[in-house]
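Numbered per my numbering, the sequence shown spans residues 8 to 127.
Here a beta-carbon is modelled for each residue, glycine too, at the ideal position from N, C-alpha and C.
Treat the numbers as computed from the prediction; the structure is a model and nothing was measured.
In what follows, a single structure is set out as structure tokens and then discussed.
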Amino acid sequence: MRHFQLSKAQEEGRQLHVSGLPRMLDQSENELEIRSIFKNFAIDVVSKSVSPRDNNLDDQRRKFCFVDFTTREEAQAAMKAIDGTIYRDAPLKVSMAIPKSERHGNTYDNRKDGADRNFR
């Protein structure tokens, strides 16, 4: 059900991708921090904090998460207000979440079994 909600929010233009996040102790801390950053906006759901698969860069601020807002207008206002904001000594990058089908490349890894590693 939660995956459906996230997809629906993305489809409706209510989901933001937030990157440049520092390492947090746990997912509870992540949720509190994100809700604090976006305290002036109506948040629906905060996803887990994620580290990208490409770990060969030295940048420690590479975590990201998705944030669903109650309306498209809330998401757009939040993006405009928070993108580029300095948080714990580094800028946050906030953008509209892009469906996997519209990103560069495809959603499947080149695994021999053809399985999708990103499937939830």
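Rounded separation between residue i and residue j - CA only
| i | j | result |
| --- | --- | --- |
| F48 | F76 | 8 Å |
| S14 | D96 | 32 Å |
| Q22 | A85 | 11 Å |
| I50 | R69 | 22 Å |
| E109 | T78 | 22 Å |
| E80 | L32 | 31 Å |
| T92 | L28 | 11 Å |
| L39 | P98 | 18 Å |
| F73 | Y94 | 17 Å |
| G20 | P106 | 10 Å |
| E36 | D90 | 21 Å |
| I41 | R30 | 13 Å |
Sheet register partners of residue i (DSSP bridge)
| i | result |
| --- | --- |
| I50 | F76 |
| A97 | Y94 |
| Q22 | D75 |
| K70 | L28 |
Pair within 8 Å by beta-carbon distance, residue i and residue j
| i | j | result |
| --- | --- | --- |
| V57 | F45 | no |
| V25 | V101 | yes |
| K55 | Q34 | yes |
| Q17 | A88 | no |
Extent of the continuous beta strand (DSSP E) to which residue i belongs
| i | result |
| --- | --- |
| S102 | K100 to M103 |
First through last residue of the alpha helix (DSSP H) which encompasses residue i
| i | result |
| --- | --- |
| S35 | Q34 to I44 |
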